[in-house]
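Visitor: Below you'll find the structure I mean.
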Amino acid sequence: NAGVTQTPKFQVLKTGQSMTLQCAQDMNHEYMSWYRQDPGMGLRLIHYSVGAGITDQGEVPNGYNVSRSTTEDFPLRLLSAAPSQTSVYFCASSYVRTQGHTGELFFGEGSRLTVL
Amino acid sequence: AQSVTQLGSHVSVSEGALVLLRCNYSSSVPPYLFWYVQYPNQGLQLLLKYTSAATLVKGINGFEAEFKKSETSFHLTKPSAHMRDAAEYFCAVITSGTYKYIFGTGTRLKVLA
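Protein chains in written order, with the numbering used here: chain A, 1 to 116; chain B, 1001 to 1113.
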């Protein structure tokens, strides 16, 4: 099984450029999310979605957009890249429990982004 | 609001020694707690999870964790460290009614030969 697939794995951008990080999952998970990982700061939630057409902000949403048109895909868009967005980005998915939270997260392998 | 604190950003143990990685949480409602492991240049994978069924939780690779409500702790242990356990470990919390995982800042485990 492919699980959660992220592309690209590496990307270098110049300040002000835009790009989209792709994330796809084949587990029919309702919940999908994006995190950024920075040294000493753990993982911080950028945006998440609990189903097609539903998205919400996490801890650090500024500078990022998301949409969820299908269950499988959850792209993350950087509209105007800044050096502060240099990071490793992880997409993760999960099922949604009836109690109003998710189960364990299944992660992609990450996308390393450098903004010059 | 929920939060997670991992004490010690770096922990070193000798091969065969006890591993203890500390995690304390803050939550106003019963939490669901997780430990994830990240090997170099990889994504995170689940080690174990606490979802209120049992306070002592066993995970993969010989790891276990005990949920202690009175101490608001969920420390990760392994009786005997192996070289392959060298990785970064993250504690995380989520509560009912939210869809926001909160991760700790991570503890990098080094295993000495």
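All C-beta atoms, glycine included, are put in the ideal place defined by N, C-alpha and C.
These numbers were taken from a predicted model, which means no experiment stands behind them.
For B:S1026, which of helix, strand or coil comes out of DSSP?
Guide: strand
Visitor: Secondary structure at A:P83, three-state DSSP: helix, strand or coil?
Guide: helix
Visitor: Report buried or exposed for B:P1031, applying the criterion of at least 16 other Cβ atoms within 10 angstroms of its Cβ.
Guide: buried
Visitor: Can you list, in chain order, the residues of its chain with a C-beta nearer than 6 Å to that of A:Q22? Leave out the 5 residues immediately preceding and following it.
Guide: T7, P75
Visitor: Please confirm if A:E72 has its CB atom under 8 Å from at least one CB of chain B.
Guide: no
Visitor: Give the secondary structure of A:D73 by DSSP, where H, G and I count as helix, E and B as strand, and everything else as coil.
Guide: strand
Visitor: What number of angstroms, rounded off, separates the C-alpha of A:S49 from the C-alpha of B:F1063?
Guide: 31 Å
Visitor: With a cut-off of 8 Å on the beta carbons, I'd call A:G58 and B:F1103 a contact; round off their distance for me.
Guide: Not confirmed; about 11 Å, so no contact.
Visitor: Leaving out five residues on either side along the sequence, give the residues of the same chain with a beta carbon under 6 Å from the beta carbon of A:V66.
Guide: Cβ within range, chain order: H47, T55, L76.
Visitor: Counting only C-beta atoms, is B:S1009 closer than 8 Å to chain A at any point?
Guide: yes
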